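A.B. asks: The structure is given below, and queries will be raised subsequently.
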Amino acid sequence: MAKKDSDAKVTGAKNSGAKVLTSLPVGERVGIAFSGGLDTSAAVAWMRERGAMPYAYTADIGQPDETDLESIPQRAKTYGAVEAKLVDCRELLVQEGLTALQCGAFHITTAGKTYFNTTPLGRAVTGTLLVREMKHDGVDIWGDGSTFKGNDIERFYRYGLLANPNLRIYKPWLDVDFVREMGGRAEMSAFLTAKKLPYRDSAQKAYSTDANIWGATHEAKSLEELSTSMHIVAPIMGVAHYDSAVKIATEDVVIKFVEGWPVAINGKEFASQIDLVL
0 MAKKDSDAKV TGAKNSGAKV LTSLPVGERV GIAFSGGLDT SAAVAWMRER GAMPYAYTAD
60 IGQPDETDLE SIPQRAKTYG AVEAKLVDCR ELLVQEGLTA LQCGAFHITT AGKTYFNTTP
120 LGRAVTGTLL VREMKHDGVD IWGDGSTFKG NDIERFYRYG LLANPNLRIY KPWLDVDFVR
180 EMGGRAEMSA FLTAKKLPYR DSAQKAYSTD ANIWGATHEA KSLEELSTSM HIVAPIMGVA
240 HYDSAVKIAT EDVVIKFVEG WPVAINGKEF ASQIDLVL
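Under numbering that gives the first Met the number 0, the first residue of the sequence shown carries the number 0, and numbering increases by one thereafter.
Have a look at this one:
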């Protein structure tokens, strides 16, 4: 039986003034950052079945590990999304990345190791542009597949509020009912299979990737173990520089700048900054 609107529990206040909802806002529009993977597919189907109106938004951030972005919105509708959109975030992401390079903020050092500021830049752009699109559609509740274990839950929360100060947050993985029913990959797979809903279950690897037009990170799972070497990684952008069998030829690169912005590489000019970075 579907819950009534008044049954939705919230953090800080029961009916108004709260930013973080801890149970499904039945009867309301809920925007979700939709990747098309198992987690977000199950979340959309689960929310729709229980009386919410999910709106799915997929960010095009130039991710090389997703080869068919255009098909994702239609897949979201298959799971029950009222509306689904592909939002092109590449132009702003490229601008933010170039600005970070100008400011010396593209390379971050943690524990003496250099870390490319690719994923944080992607989160900032995704968090603002998707929420802007939601606001345009009259959607003031936002959710995504991030869990309480990482910092993405804070990133999306804070960037979202910058784009829409009236935004409320509903994250399935903070909902006790969702976690109880969809506690893992096996449960989510069984839920979708029982409803004869197709889903994309990514191949199990020893690590996960997070990529956008600026670069890719390889993280989590076995890579979190100190006993595991980075040599298990098969790069999706760049080459395995740590493999002695991989030969990396030296190359001279000449970049032309106009008013502080790159416009040409080795004499070749590009129609847009996106094309230049690609």
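No residue lacks a Cβ here, since even glycine has one placed at the ideal position from N, Cα and C. No experiment lies behind these values; they were computed from the predicted model shown.
Span of the beta strand (DSSP E) holding H230?
C.D. replies: Careful: H230 lies outside any beta strand (DSSP E) and carries neither H nor E.
A.B. asks: Look at the alpha carbon of E258 and the alpha carbon of L100, and state the distance between them as a whole number of angstroms.
C.D. replies: One C-alpha to the other measures close to 14 angstroms.
A.B. asks: Within the same chain, show all residues whose beta-carbon is closer than 8 angstroms to that of A219, passing over the 5 residues directly before and after it, in chain order.
C.D. replies: Taken in chain order, the residues that qualify are Y206, S207.
A.B. asks: Count the other C-beta atoms from every protein chain shown that fall within 10 angstroms of the C-beta of K170, then say buried if there are 16 or more, exposed otherwise.
C.D. replies: Looking at its Cβ environment, which holds 16 or more other Cβ atoms inside 10 Å, K170 is buried.
A.B. asks: Around the Cβ of E95, are there at least 16 other Cβ atoms within 10 angstroms (buried) or fewer (exposed)?
C.D. replies: When all chains shown are included, E95 counts as buried.
A.B. asks: Could you pull out every residue in the same chain whose Cβ sits closer than 8 angstroms to the Cβ of L222, ignoring the five residues on either side in sequence?
C.D. replies: Excluding positions up to five away in sequence, the list reads A205, Y206, M229, I231, V232.
A.B. asks: Should W260 go down as buried or exposed, given a rule of 16 or more other Cβ atoms within 10 Å for buried?
C.D. replies: Answer is exposed; the Cβ neighbour count stays below 16.
A.B. asks: Is the separation between the beta-carbon of F155 and that of G126 shorter than 8 angstroms?
C.D. replies: In this structure, G126 lies closer than 8 angstroms to F155 by Cβ.
A.B. asks: Which residues mark the beginning and the end of the beta strand (DSSP E) in which D251 is found?
C.D. replies: Where D251 is concerned, there is no enclosing beta strand (DSSP E), given that its DSSP letter is neither H nor E.
A.B. asks: Which stretch, first to last residue, makes up the beta strand (DSSP E) that contains W260?
C.D. replies: Here the beta strand (DSSP E) through W260 covers 260 to 264.
A.B. asks: Can you look up T127 in the DSSP assignment and give me helix, strand or coil?
C.D. replies: Three-state DSSP puts T127 in a helix.
A.B. asks: Put S207 into one of helix, strand or coil per three-state DSSP.
C.D. replies: Note: S207 maps to strand in three-state DSSP.
A.B. asks: So V61 and N211 are in contact, right, with Cβ under 8 angstroms, and what is the actual spacing, rounded?
C.D. replies: Here residue 61 is Gly; the residue named in the question, Val, does not match the sequence. The pair is a contact, with the Cβ atoms about 6 angstroms apart (cut-off 8 angstroms).
A.B. asks: DSSP three-state call for A75: helix, strand or coil?
C.D. replies: Here A75 sits in helix by DSSP.
A.B. asks: Short check: CB of D143 to CB of I31, under 8 angstroms?
C.D. replies: Yes, the pair counts as a contact, with Cβ atoms nearer than the cut-off.
A.B. asks: Looking at the unbroken beta strand (DSSP E) that takes in I31, where does it start and where does it end?
C.D. replies: Start and end: 28 to 32.
A.B. asks: To which residues does DSSP link R167 through a beta bridge?
C.D. replies: R167 pairs with I140.
A.B. asks: Is the stretch 63 to 72 close to the stretch 163 to 179, with three or more CB pairs under 8 angstroms?
C.D. replies: No: fewer than three Cβ pairs fall under 8 angstroms.
A.B. asks: What separation, rounded to the nearest whole angstrom, lies between the Cα atoms of K134 and V29?
C.D. replies: About 11 angstroms.
A.B. asks: Do you know offhand how far K8's Cα is from T21's?
C.D. replies: Residue placement at K8 is poorly supported in this model, since its pLDDT is 45, which falls under 50; the coordinates are not used for a value here.
A.B. asks: Touching or not, the stretch 177 to 186 and the stretch 80 to 99, by the rule of three or more beta carbon pairs under 8 angstroms?
C.D. replies: Output reads no: the stretch 80 to 99 does not touch the stretch 177 to 186.
A.B. asks: What do you get for D242, buried or exposed, if any count of 16 or more other CB atoms within 10 angstroms of its CB means buried?
C.D. replies: D242 comes out exposed.
A.B. asks: Would you list the one or two residues that DSSP bridges to K84?
C.D. replies: Paired residues: Y56.
A.B. asks: Helix, strand or coil for E218? Go by DSSP, reduced to three states.
C.D. replies: Strand at E218.
A.B. asks: Taking the alpha helix (DSSP H) that Y158 falls in, what are its first and last residues?
C.D. replies: 151 to 162 is the span of the alpha helix (DSSP H), which, as asked, contains Y158.
A.B. asks: With a threshold of 7 angstroms on Cβ separation, who are the neighbours of G214 within its own chain once the five nearest residues in sequence on each side are excluded?
C.D. replies: F115, T117, M236, listed in sequence order.
A.B. asks: Tell me which residue opens and which closes the beta strand (DSSP E) that I107 is part of.
C.D. replies: Run containing I107: 106 to 109, per the beta strand (DSSP E) assignment.
A.B. asks: Among L160, I71, T108, I107, which one has its Cα closest to the Cα of V124?
C.D. replies: V124 has its Cα closest to that of L160, out of L160, I71, T108, I107.
A.B. asks: Three-state secondary structure (DSSP) at L196?
C.D. replies: Looking at L196 - three-state DSSP - the assignment turns out to be coil, as it is neither helix nor strand.
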